[in-house]
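According to the UniProt record's numbering, the stretch in the sequence shown is residues 1 to 303, in order.
Glycine residues also receive a C-beta, built at the ideal position from the N, C-alpha and C atoms.
Presented below is the structure to which this report refers.
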Amino acid sequence: MHTILYLFPERLQQILVNSYTASLIGVEEIRIRIGRPVQIETYSGTEDLDYIPSHNDRQYVAEKISQHSFYSLEEEMRKGYVTIEGGHRVGIAGKVTLEEGKVKAIQSISSFAIRKATQQIGCADPFMDELWDPESKRWMHCLLFGPPKSGKTTLLRDFARYISIHHPGTENRSKKVSIVDERSEIAACHNGVPQLTFGTKVDVLDRCPKLEGMSMMIRSMSPEVMIVDEIGHERDIDAIIDAMYTGVTMIMTAHASSIAELQKRSLMDKLLKNEINHYICCSQNGYTLYRDNREVAVSERIR
């Protein structure tokens, strides 16, 4: 049975199993809203189930998520989400309490968004030869971009997997990879341990801001490749450029629909002028790699 199912009361579990099997095949996200039908988001669309959660159901799900200890998850819940075993993310919404203008806690939870952690092993493979420099025996910097839910993090995750594993019969492409996973989305850590498949040379700093995390990793873990997600703030850009100057290869993601859109943003343009010649455009249909604005490789999105 899929690890997400244990969160739900028995009747809802049975409805989900009957519709999507115990492996929740095709399911991307499950939305629980008190007093409204459970909503399932799949690869092909959205479906309402014949099940309306009650306040008792809310209490049941909340206790399963927290393992009967809300205090232990207070910091996570303050950010609006919790990562559970298996790397699945549970977003929460409800009544917020403030302290000195900042979120102290989320109480009276009214909505849960359970997003299934998935991994598309091999989706980065078509691009690896292009990103490898055989002369310096280094990976080259690369920026992945696209709109939300275009597969950026999925591809970024597979870069980390590929680079951190040994490849028999090839050059020494395996490198030490440091992942600064500010939102627990890349490695899907639970209690600090990645729940997804990576090689033996991966180190993860979970739930740490990118600025502090990149500096910490460079000082303590001597990475050869650094992986970060969703860059955009000036402090992120400066930290990335500093990391490049230390000799670390940067592979990262940003929200944008085109290279031209990236270049229009002064902060991103500042980054693009620092030896980033490879970009991958991510979309619902697939991935396209560009070198110096020229298309050089394409891969279909596998669902």
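A contact between stretches requires three or more CB pairs, one per stretch, nearer than 8 Å, and the stretch 96–109 fails this requirement with the stretch 273–282. Put simply, of GLY86, PRO37, ASP48 and ARG33 the residue whose alpha carbon is nearest the alpha carbon of ALA62 is ARG33.
Looking at LYS149, ARG157 and GLU171, the one whose alpha-carbon comes closest to that of PRO134 is GLU171. In this structure ALA239 does not touch LEU205 by the C-beta definition: roughly 13 Å separates them, more than the 8 Å allowed. Approximately 5 Å separates the beta-carbon atoms of ARG157 and ILE186; this is inside 8 Å, confirming the contact. When beta bridges are read from the DSSP output, HIS141 appears opposite no residue. Looking at the DSSP output, LEU267 shares a beta bridge with no other residue.
Secondary structure of LYS104 (DSSP, three-state): strand. Judged by pairs of C-beta atoms under 8 Å, the stretch 54–61 touches the stretch 8–15, as three or more such pairs exist. The criterion of a C-beta distance shorter than 8 Å is satisfied by ILE227 and ILE251. Within the same chain, Cβ atoms closer than 6 Å to the Cβ of LEU24 are found at HIS2, the five residues on either side in sequence being excluded.
Take LYS102, set aside five residues on each side of it, and no residue of its chain has a beta-carbon closer than 8 Å to its own.
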